[in-house]
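Q: Quick one: this structure, given as structure tokens, is what I'll be asking you about.
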Amino acid sequence: MNKCQLKIGIVGSEEIHIQIISELLNQQGIIFEKINQSMLPQSKYPCVIAVNMDNGKNELAKSYCINGERGIIELDINDSIYNLFTGIDDQLYLNDILCDPIVSRYALELSTKIKEAYFLHQLPFVQKWFWPNFSESCCVITHDIDSLDNSPSLKKNTLEWIRYAYYNLSNKAYCSNISLMLKEESKRDIKSSFYFFSDYGKFHRDFVKSLDQIKKAKCEIGLHGSLNSFQSPKMLIQEIEALEELTETKIFGERQHTLNFRIPHTWRYQDQIGLDYDHTFYYNDKFGFRAGLCHPYHPFDPFNYIKFNLLEIPTSFMDFTAIVNQLTLDEQKEVINKLGTTVEKYHGCLVVNFHNLYIHEKRYPSVFRLYKYTLDYIKKNGYWVATARECAQWWRKRETANLDVKLVDNILQVISDTSLPLCIEVPSGKRQMINVGNKIEINVGD
1 MNKCQLKIGI
11 VGSEEIHIQI
21 ISELLNQQGI
31 IFEKINQSML
41 PQSKYPCVIA
51 VNMDNGKNEL
61 AKSYCINGER
71 GIIELDINDS
81 IYNLFTGIDD
91 QLYLNDILCD
101 PIVSRYALEL
111 STKIKEAYFL
121 HQLPFVQKWF
131 WPNFSESCCV
141 ITHDIDSLDN
151 SPSLKKNTLE
161 WIRYAYYNLS
171 NKAYCSNISL
181 MLKEESKRDI
191 KSSFYFFSDY
201 GKFHRDFVKS
211 LDQIKKAKCE
221 IGLHGSLNSF
231 QSPKMLIQEI
241 EALEELTETK
251 IFGERQHTLN
261 FRIPHTWRYQ
271 DQIGLDYDHT
281 FYYNDKFGFR
291 AGLCHPYHPF
301 DPFNYIKFNL
311 LEIPTSFMDF
321 TAIVNQLTLD
331 EQKEVINKLG
341 TTVEKYHGCL
351 VVNFHNLYIH
361 EKRYPSVFRL
371 YKYTLDYIKK
381 NGYWVATARE
391 CAQWWRKRET
401 ANLDVKLVDN
411 ILQVISDTSL
421 PLCIEVPSGK
431 RQMINVGNKI
441 EINVGD
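In UniProt numbering, the protein residues as written are 1 to 446.
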């Protein structure tokens, strides 16, 4: 009986390098395990990744591989990749290449090399698919609620200003646009994530009313951290607790106001508090992927050399960026198309941020039209549209799923501890997409 375990092994000279490669493999849905170098090999792997190993230690890696050096992939994790995971590298911004997610590209290239190693041994390549229901990509629509009071423009007529004054004197929010956004999204069967401060002063009644509308729409409520909470865990906890008390729901994630961020301290505080995810790591004045990644990822602490449990779900588009760069509607659509095409290529996650204050047909007509264009774009292109919480939940389920995959005489045996979509490719080029629940067996013989 011919039997082979279908997972790769990782061996490296430093733990931090192994963790980075593990993060990339998890993003690609590749089944792997870290090799215990103190033990003789109990089983051999179709492919072994040797990370930052010298030639002497590469001999050790070969001893774990089915076919010696033919299954070895040697990788050098340099400072540029590590620095992007830690957030301390601004080279993508300085070189104006933020729209090219170079780390996601590197991960895809690594996945292709591993698949080639499997095919070299005439073995099927099994990969956890990226998103539920075999969706090609994910989209998270987000809204920062900077204010509940949208005053008329100076060009408005006197009657409009009288109406605004009445609302103001009555302590009522004027044209917060939240109902409008919920209506547009409901028409397309889309749920989104709304990020609120913990206090809106005299507009408290409208604040509570908005929260109720969002909960009824089954959208997510998250925290919009105040100007200084990015550097104060005490303030961050107070704001989360206040918002949770108002909403009577748990707060899982946030985006800091004006994208205030202190590397790595803000991530550290969020992680210590127990937040599930963050959206803050983005530039105000440029579109794209600040860390070179278009997938959710775990940031690294450059001082303590550890990986945070927190997920960064990277924002790549914000309406304010379009406004500050004075883009026309056609130019804004071009940005959405470019980012969308990139995300689709890597099966990534498109996170867009539309503020409630800019969803205004008369004051910001191009942003309002782009908002509707974006909603239509993601529906037309078959994205899995999720709240940020749903996206984080799925990503964690996928990365922690325990799969045992064996090939026994051309029968692929898969045992999983959770329901998961798989992509199975064989050397002949055939590909199957299949859901695994508990256990499945598939004949993969040509």
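In this text, a Cβ means the ideal position worked out from N, Cα and C, and glycines have one as well.
Asparagine 353 and methionine 318: beta carbons closer than 8 Å?
A: Yes; because the gap between Cβ atoms is below 8 Å, this pair is in contact.
Q: In the region 370-415, which residue ranges form an unbroken beta strand (DSSP E) of at least 3 residues, counting only runs that do not cross its ends?
A: Fully enclosed beta strand (DSSP E) runs of 3 or longer: 403-408.
Q: My output table needs one value for tyrosine 200: the three-state DSSP class, helix, strand or coil.
A: Three-state DSSP puts tyrosine 200 in coil, outside helix and strand.
Q: How would you write the range of the alpha helix (DSSP H) that arginine 262 sits in, first residue to last?
A: Looking at the DSSP string, arginine 262 is not in any alpha helix (DSSP H), and its letter there is neither H nor E.
Q: Look up proline 132 in the DSSP assignment and say whether it is helix, strand or coil.
A: Helix, per DSSP.
Q: Determine contact between the region 281-294 and the region 257-271, defined as no fewer than three beta-carbon pairs at a distance below 8 Å.
A: Enough Cβ pairs lie closer than 8 Å, so yes.
Q: Could you give the distance in angstroms between the alpha-carbon of tyrosine 82 and the alpha-carbon of glutamine 37?
A: Rounded to whole angstroms, tyrosine 82 to glutamine 37 spans 24 Å at the Cα level.
Q: Rounded to whole angstroms, what's the CA-CA distance from valine 48 to isoleucine 10? Just pull it up for me.
A: About 6 Å.
Q: To the nearest angstrom, how far is it from the Cα of lysine 209 to the Cα of histidine 224?
A: Each residue's Cα considered, the two are about 17 Å apart.
Q: Residue range of the alpha helix (DSSP H) that threonine 418 falls in?
A: First-last for threonine 418: undefined, no H or E at that position.
Q: Output the distance between the C-alpha atoms of leucine 120 and phenylalanine 32, rounded to the nearest integer angstrom.
A: C-alpha separation (whole angstroms): 18 Å.
Q: Quick check: the Cα distance between glutamine 213 and threonine 315, rounded to an integer number of angstroms?
A: Computed Cα separation, rounded: 25 Å.
Q: Could you tell me the boundaries of the beta strand (DSSP E) in which glutamate 33 lies?
A: Element bounds for glutamate 33: 32-34.
Q: Count the other CB atoms within 10 Å of the CB of arginine 70; is the residue buried (16 or more) or exposed (fewer)?
A: Exposed, by the Cβ-count rule.
Q: When burial is assigned at 16 or more other CB atoms within 10 Å of the CB, is glutamate 312 buried or exposed?
A: When all chains shown are included, glutamate 312 counts as buried.
Q: Can you name the start and end residues of the alpha helix (DSSP H) that asparagine 26 belongs to?
A: Where asparagine 26 is concerned, the enclosing alpha helix (DSSP H) stretches over 15-28.
Q: Got a sec? Which residues, its chain only, sit under 8 Å from asparagine 133 by beta carbon, not counting five neighbours each side?
A: Result list for asparagine 133: Trp384 and Pro421, in chain order.
Q: Residues in the same chain with beta-carbon distance under 6 Å from glutamate 15, minus the five sequence neighbours each way, listed in chain order, please.
A: So the list is empty, once near-sequence residues are dropped.
Q: Is there contact here, the region 286-299 with the region 94-114, by at least three beta-carbon pairs under 8 Å?
A: Contact between the region 286-299 and the region 94-114 is present, because at least three Cβ pairs lie under 8 Å.
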